[in-house]
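J.:
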Amino acid sequence: MTNEPAEPVIALRGVTAELGARPVLRGIDLSVGRGEVVALLGANGSGKSTAIRTIIGQVPASGGTIELFGTPRRAFRDWARVGYVPQRTTAAGGVPATVTEIVSSGRLSRTRFGVFRKADREAVRRALELVGMADRAKDPVDALSGGQHQRVLIARALVAEPELLIMDEPMAGVDLASQEVLARTLRAQVEQGTTVLLVLHELGPLEPLIDRAVVLRDGCVLHDGPPPRAVGQHALPGHDHVHPHAPAGTEPIRTGLLS
Amino acid sequence: MDILAYDFMQRSLLAAVLVGITAPAIGIYLVQRRQPLMGDGIGHVAMTGVGLGFLLHASPVWMATAVSALGSVLMELIRWYGKARGDIALAMLFYGGMAGGVMFVNIAPGGSNANLSSYLFGSLSTVSPSDVTAISILAAFVVVVTLGLRRQLFAVNQDEEFARVTGLPVRALNLLTAITAAVTVTVAMRVVGLILISALMVVPVAAAQQLTRSFAATLAIAIGLGVTVTISGTVTSFYQDVPPGATIVLLTIAAFVALTVLAAPLARRRARSAAAAHPPVDPAECAIPAMRGGPDKIGV
Numbered sequence: 361m362t363n364e365p366a367e368p369v370i371a372l373r374g375v376t377a378e379l380g381a382r383p384v385l386r387g388i389d390l391s392v393g394r395g396e397v398v399a400l401l402g403a404n405g406s407g408k409s410t411a412i413r414t415i416i417g418q419v420p421a422s423g424g425t426i427e428l429f430g431t432p433r434r435a436f437r438d439w440a441r442v443g444y445v446p447q448r449t450t451a452a453g454g455v456p457a458t459v460t461e462i463v464s465s466g467r468l469s470r471t472r473f474g475v476f477r478k479a480d481r482e483a484v485r486r487a488l489e490l491v492g493m494a495d496r497a498k499d500p501v502d503a504l505s506g507g508q509h510q511r512v513l514i515a516r517a518l519v520a521e522p523e524l525l526i527m528d529e530p531m532a533g534v535d536l537a538s539q540e541v542l543a544r545t546l547r548a549q550v551e552q553g554t555t556v557l558l559v560l561h562e563l564g565p566l567e568p569l570i571d572r573a574v575v576l577r578d579g580c581v582l583h584d585g586p587p588p589r590a591v592g593q594h595a596l597p598g599h600d601h602v603h604p605h606a607p608a609g610t611e612p613i614r615t616g617l618l619s
Numbered sequence: 003m004d005i006l007a008y009d010f011m012q013r014s015l016l017a018a019v020l021v022g023i024t025a026p027a028i029g030i031y032l033v034q035r036r037q038p039l040m041g042d043g044i045g046h047v048a049m050t051g052v053g054l055g056f057l058l059h060a061s062p063v064w065m066a067t068a069v070s071a072l073g074s075v076l077m078e079l080i081r082w083y084g085k086a087r088g089d090i091a092l093a094m095l096f097y098g099g100m101a102g103g104v105m106f107v108n109i110a111p112g113g114s115n116a117n118l119s120s121y122l123f124g125s126l127s128t129v130s131p132s133d134v135t136a137i138s139i140l141a142a143f144v145v146v147v148t149l150g151l152r153r154q155l156f157a158v159n160q161d162e163e164f165a166r167v168t169g170l171p172v173r174a175l176n177l178l179t180a181i182t183a184a185v186t187v188t189v190a191m192r193v194v195g196l197i198l199i200s201a202l203m204v205v206p207v208a209a210a211q212q213l214t215r216s217f218a219a220t221l222a223i224a225i226g227l228g229v230t231v232t233i234s235g236t237v238t239s240f241y242q243d244v245p246p247g248a249t250i251v252l253l254t255i256a257a258f259v260a261l262t263v264l265a266a267p268l269a270r271r272r273a274r275s276a277a278a279a280h281p282p283v284d285p286a287e288c289a290i291p292a293m294r295g296g297p298d299k300i301g302v
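Protein sequences, first through last, are from chains A and B. First residue of the first sequence: 361, per my numbering; consecutive thereafter. First residue of the second sequence: 3, per my numbering; consecutive thereafter.
#1: Could you tell me whether the Cβ of B:Ile225 comes closer than 9 Å to any Cβ of chain A?
#2: Measure from the C-beta of A:Arg413 to each C-beta in chain B and report whether the shortest distance is under 9 Å.
#3: How far does the beta strand (DSSP E) with A:Thr425 in it extend, from its first residue to its last?
#4: At a cut-off of 8 Å, would you count B:Gln37 as near the ligand NAD, judging by its Cβ distance to the nearest heavy atom?
#5: Taking only beta-carbon atoms, is B:Ser216 less than 9 Å away from chain A?
#6: How about A:Arg437: is its C-beta nearer than 9 Å to some C-beta of chain B?
#7: Using DSSP bridges, identify the partner residues of A:Gly585.
#8: Check each candidate in B:Phe123, B:Leu170, B:Gly53, B:Ala183 and name the one with the smallest Cα separation from B:Thr148.
#9: Between the C-alpha atoms of B:Gln160 and A:Ala515, what's the straight-line distance to the nearest angstrom?
#10: Using a Cβ cut-off of 9 Å (strictly closer), state whether A:Phe429 contacts chain B.
#11: Going by C-alpha distance, which of B:Tyr8, B:Leu32, B:Ser14 is nearest B:Thr135?
#12: Quick check on A:Ser422 - is its C-beta less than 9 Å from some C-beta in chain B?
#13: Inspect the CB distances between the segment 365-376 of chain A and the segment 385-405 of chain A and report whether three or more fall short of 8 Å.
#14: Quick check: the segment 121-137 of chain B against the segment 54-67 of chain B, are there 3 or more CB pairs under 8 Å?
#15: By the DSSP assignment, the alpha helix (DSSP H) with A:Leu524 in it spans what residues?
#16: Anyone know if the C-beta pair for A:Lys408 and A:Leu576 falls short of 9 Å?
#17: Thinking C-alpha only, which one of A:Ser469, A:Gly506, A:Lys498, A:Ser538 is nearest A:Leu636?
#18: Report back the beta-carbon spacing between B:Ser114 and B:Leu20 to the nearest angstrom; my notes put them in contact at under 8 Å.
#19: So is A:Leu618 in contact with chain B if we call contact Cβ pairs under 9 Å?
#20: Taking the C-alpha atoms as reference points, what is the distance between B:Phe96 and B:Asp42?
#21: Since A:Gly579 and A:Arg386 should fall inside the 8 Å C-beta cutoff, what is the C-beta to C-beta distance between them, to a whole number of angstroms?
#22: Taking the alpha carbon of A:Ala381 as the reference point, which residue from A:Ser422, A:Asp499, A:Asp535, A:Ala573 has its own alpha carbon closest?
#23: Taking A:Gly453 as the reference, give the member of B:Leu196, B:Ala27, B:Tyr241, B:Ala157 with the closest Cα.
#24: Quick test of the definition: if touching needs 3 or more C-beta pairs under 8 Å, does the segment 21-39 of chain B touch the segment 216-227 of chain B?
#25: Show which residues of chain B have a CB atom less than 7 Å away from the CB atom of A:Thr410.
#26: Mind listing which residues of the segment 156-177 of chain B have their C-beta closer than 7 Å to chain A's C-betas, in chain order?
#27: For B:Gly247, which residues of its own chain have a beta-carbon under 6 Å away from its beta-carbon, when the five flanking residues on both sides are left out?
#28: Tell me whether B:Asp4 is buried or exposed, calling it buried when 16 or more other Cβ atoms sit within 10 Å of its Cβ.
#29: Using the three-state DSSP reduction, which class does B:Tyr8 fall into: helix, strand or coil?
#30: State the DSSP-derived secondary structure class of B:Ala279, mapped to helix, strand or coil.
#31: Got a sec? Which residues, its chain only, sit under 6 Å from B:Leu118 by beta carbon, not counting five neighbours each side?
#32: At which residues does the beta strand (DSSP E) containing A:Gly387 begin and terminate?
#33: So the candidates are B:Val33, B:Ala110, B:Val185, B:Gly112; which of them puts its Cα closest to the Cα of B:Ser74?
#34: Kindly list, in the order they appear in chain A, the residues whose Cβ is closer than 9 Å to that of B:Gln381.
#35: Helix, strand or coil for A:Glu367 per DSSP?
#36: My assumption, with CB atoms under 8 Å, is that B:Thr236 sits in contact with B:Ala18. Please give the rounded CB distance.
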């Protein structure tokens, strides 16, 4: 693999975005290098999901520049290099669909005109094995638990064998067994050199994988550096991170980082 | 089969088969993206096209195709750009389309609402040879789009946000879905009628879902059911002298009810075998968790 450290996989400069009339991003700079695992943290409403959705083009950016693999996003066509895991709630259709059917749609970026060959079917099977869902291949997705559904969505992102994985709250509402499967899957991807940008509410079981944390507050980058470490009582195993969100500036920054 | 001795019945049966295939084939995507009533809206807009056809002495089928395609594109644009007022704009389009149809037919020389009636409710005897040609061409288009692009349409209508990241032209596919739905409405309007066409897009899909667990099986059964009810409805209509559209839709709803009743024991059996094959995950989760951090809160 040729390493081009100069060229970030994701580069955002001064990105602004509005939802309706409300400014949600107020000038975000974010750079993710090849092979890096970056967590986007922040409280609810801080703009972390919107930031991800401007990167993939679901929310239009009103200002600034976005580049993927060194290409301006509008001109970017090489989507097979990108795997995306949206928030689970967005992926529900009104017609039954099996696990295989859902995962297969992630392979479209590798096919010509959507024609599936043997290699594509093989890739779908492999992706399901990666997340431990091969035995549920023919089951309808609405019969799965939240954690199993999330594993299916990760398989759908991995089936095109992407170099960059973008995930929006992959651990939200996921049972412990699935959290472990997800953490293991992600670790294997990172070991193979996959670049990862993920939105997290708190670092949780993925903490050892994360190289860098970017913390947003009110649509601005508050912190960009090593992941914050939980200290004191927050670091105790099983600590439930529940506390009122204090107004900005009245507490040490560290507390805000994990909320 | 004496029924096939009549030319008009041959034409009607051919049109009925094409409707039975195309309506559920596009309808499944409308159900999937949770817009099952879109066909209804397009049917209303198509009335303006029929009216214009009478007024301009053009073929009502082609006129309706053009106008409803335009209307469906407009609906799709409202869906993109429309914010809070989107539903109001759609209502305007529906009612405007219907009113336009009635107005144009009555302005047309020698025209009256009676001309419109066969388009509203469907009619066997009025399917002309030129209608059959138009219907066949349009149905071929619908089949090519809905079956040929089924993986792409499945992805876009299942999860638009994800489809964008697979590089699919999401907007183009949404527009294509809308136009294909419009074309299907005009394929069906001679047999089922504009008022009832939406039922044939939605009900066979809903009925098939009672039995199926995959998208592919739902599509196949919905089309099979669609063809069965359109043929049997058309034949019934010939022998009993009842309107074909209403007969077909009532048969479809009867099929839905029958399948729903039949499916209940099937669903129970599946749930039992699923529970046996995949015991509930992580039984420890069911235990009452230790009071984490509880003591802190007790202290006064």
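Yeah, the Cβ is synthetic: ideal placement off N, Cα and C, and Gly gets one too.
T.: Checking against the coordinates, here is how it stands:
#1: no
#2: Residue-level contact check: A:Arg413 touches chain B, since one or more beta carbons of chain B fall below 9 Å from its beta carbon.
#3: 423-428
#4: Looking for the ligand NAD in the displayed structure turns up nothing, as the structure carries no ligands at all.
#5: yes
#6: yes
#7: DSSP output for A:Gly585 lists A:Ala573 as bridge partner(s).
#8: B:Ala183
#9: 16 Å
#10: no
#11: B:Ser14
#12: no
#13: yes
#14: Touching, yes, given that three or more Cβ pairs across the two stretches are closer than 8 Å.
#15: Run containing A:Leu524: none in the alpha helix (DSSP H); it sits in the beta strand (DSSP E), 524-528.
#16: Taking a C-beta distance under 9 Å as the contact criterion, A:Lys408 and A:Leu576 qualify as a contact pair.
#17: The question about residue 636 of chain A has no answer here: the residues shown for chain A are numbered 361 through 619.
#18: The beta-carbon separation of B:Ser114 and B:Leu20, rounded to 29 Å, does not stay under the 8 Å limit for a contact.
#19: The pLDDT assigned to A:Leu618 is 44, lower than 50, so where the model puts this residue is not dependable; a value taken from the coordinates is nonetheless given after this. Among the CB atoms of chain B, none fall inside 9 Å of the CB of A:Leu618.
#20: 9 Å
#21: 4 Å
#22: A:Ser422
#23: B:Ala157
#24: yes
#25: Within 7 Å Cβ-Cβ: nothing; A:Thr410 doesn't reach chain B, min ~12 Å.
#26: Under the 7 Å Cβ criterion, the segment 156-177 of chain B contributes Phe156, Ala157, Asn159, Gln160, Asp161, Glu163, Phe164, Arg166, Val167, Thr168, Gly169, Leu170.
#27: Phe123, Gly124, Val194, Gly195, Leu198
#28: Label assigned to B:Asp4: exposed.
#29: coil
#30: helix
#31: Val107
#32: 382-392
#33: B:Val185
#34: The requested residue 381 of chain B does not occur in the structure, where chain B is confined to residues 3 to 302.
#35: coil
#36: 4 Å
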